[in-house]
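Residue numbers (this note's numbering): -19 to 329.
Just so you know, even glycine gets a beta-carbon here, dropped at the ideal spot from N, CA and C.
Computed from a predicted model, the values in this text were never measured in an experiment.
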């Protein structure tokens, strides 16, 4: 049934429908037409390993755009940030490669064509990283907030396109115009300790190991550079941050609830999510002193969402190199990767 009253209660009703099309359900339609009947709080469990990779933005924006939420409705989670960091792991790279031999359509069994190398190396994988080393601190890519605030003035509200739009509150009409595509370009500068203390990229960093590595003198190993096989994606989410303040020794802070698999803010004891591995088709060698640049895109069309990513390794050019180039170059490129999964050709949600 589409609508079920939970036995033993008089106030809990379970409604089965696509949350992005709430306006099509009679019970939810009543909430849209009656401002006092809208939802005061929306609780969702749509977070993925990279925060938004399970379409949380599209789903939550969709339910807001339907108009079933009151103005001032509280969302749990309130926000989530995607993080990414380079990782060195021959094992993860090798296991991604082996996916190329698996059947593309499992229902066809041995008759199915294989996945193929391009698709295998242009697909992100949820991994429980073991034989891996996160080589730099993770950096934020982008953040999503829910619900979207309505326009500040009526001039920005636009015009209602149909009868349903005419009864929507400003917040709902604002959600209809949201673009969830994103782009981040991040630079991971040289770290002589190669991320010592970050471990495999899953779990809180070992600050003692990091401190010892930072104080240790340079060695042949630290001067040998490293190899980057891909990137690890993670997330940090604020479930709820209230207005009330907690008074404690040393000052005040707002009461908040957070969950995270980003190493620097890792929620110890939580095993609900693992990192998302973005492989590079060919590993990149990173010489001592080099910077790893990473570009990552979140793209979409009418029915799909996907990620694209690429990387390069650069070092600052010497004064002599600049002179030979006529002062037109400031860096030396040691290696680059192509843009992976361009147009969502190998992977999408």
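| Asked | Found |
| --- | --- |
| Span of the beta strand (DSSP E) around residue 166 | 162 to 168 |
| Pair within 8 Å by beta-carbon distance, residue 39 and residue 0 | yes |
| Sheet register partners of residue 239 (DSSP bridge) | 217 |
| Contacts around residue 90, its chain only, beta-carbon distance under 8 Å, and the 5 residues preceding and following it disregarded | 83 |
| Simplified DSSP assignment, three categories, for residue 319 | coil |
| Contacting residues, own chain, Cβ-Cβ under 6 Å from residue 81 (five flanking each side not counted) | 94 |
| Residues of its chain near residue 55, where Cβ-Cβ distance is below 6 Å and the 5 sequence neighbours each way are ignored | 22, 126 and 127 |
| Where the beta strand (DSSP E) through residue 264 begins and ends | 256 to 266 |
| Own chain partners of residue 205 with C-beta closer than 6 Å, once the 5 adjacent residues on each side are dropped | 266, 267 and 268 |
| Alpha-carbon to alpha-carbon, residue 152 and residue 136 | Because residue 136 carries a pLDDT of 41, less than 50, the predicted location of this residue cannot be relied on, and the following value inherits that uncertainty. Whole-angstrom Cα-Cα distance: 13 Å. |
| Own chain partners of residue 155 with C-beta closer than 6 Å, once the 5 adjacent residues on each side are dropped | 41, 44, 45 and 128 |
| Rounded Cβ spacing between residue 57 and residue 219 (contact assumed at less than 8 Å) | 5 Å |
| Distance CB(residue 114)-CB(residue 212) smaller than 8 Å | yes |
| Residue span of the beta strand (DSSP E) that contains residue 125, given as start and end | 119 to 125 |
| 6 Å CB neighbourhood of residue 328 in its chain, flanking five on each side removed | 284 and 286 |
| Contact under 8 Å by Cβ, residue 193 with residue 177 | yes |
| For residue 241, the nearest candidate out of 47, 180 and -4 (CA to CA) | 180 |
| Buried versus exposed, by CB contacts within 10 Å (16 or more), residue 272 | buried |
| Nearest-angstrom Cβ-Cβ length linking residue 64 and residue 290, presumed shorter than 8 Å | Their Cβ separation, rounded to whole angstroms, is 12 Å, which puts residue 64 and residue 290 out of contact at 8 Å. |
| Simplified DSSP state of residue 188, which is helix, strand or coil | helix |
| Under the three-state DSSP convention, the category residue 398 falls into | Since the first residue of the chain shown is -19 and the last is 329, residue 398 is not available in this structure. |
| Beta-carbon proximity check, residue 29 vs residue 255, cutoff 8 Å | yes |
| Residue from 238, 108 and 117 whose Cα sits closest to the Cα of residue 172 | 117 |
| Closest Cα partner of residue 60 within the set 19, 35, 71 and 15 | 35 |
| Residue 208 burial status per 10 Å Cβ neighbour count (16 or more: buried) | buried |
| Outcome for residue 334 when other beta-carbon atoms lying within 10 angstroms are tallied against a minimum of 16 | Outside the displayed span of the chain (-19 to 329) sits residue 334, for which this structure offers no information. |
| Candidates 9, 321, 106 and 191: closest to residue 279 by CA position | 321 |
| Residue 50 (DSSP reduced to helix, strand or coil) | strand |
| Whole-number beta carbon distance between residue 104 and residue 258, since they are thought to touch under 8 Å | 5 Å |
| Proximity below 8 Å, CB of residue 297 to CB of residue 310 | yes |
| Entirely enclosed beta strand (DSSP E) segments - the stretch -18 to 48, minimum 3 residues | -17 to -15, -7 to -5 and 19 to 23 |
| Residues that DSSP places opposite residue 105 in a beta bridge | 257 |
| Burial state of residue 166 (16 or more Cβ within 10 Å) | buried |
| Delimiting residues of the beta strand (DSSP E) encompassing residue 86 | Where residue 86 is concerned, there is no enclosing beta strand (DSSP E), given that its DSSP letter is neither H nor E. |
| Three-way DSSP call (helix, strand, coil) for residue 324 in this model | helix |
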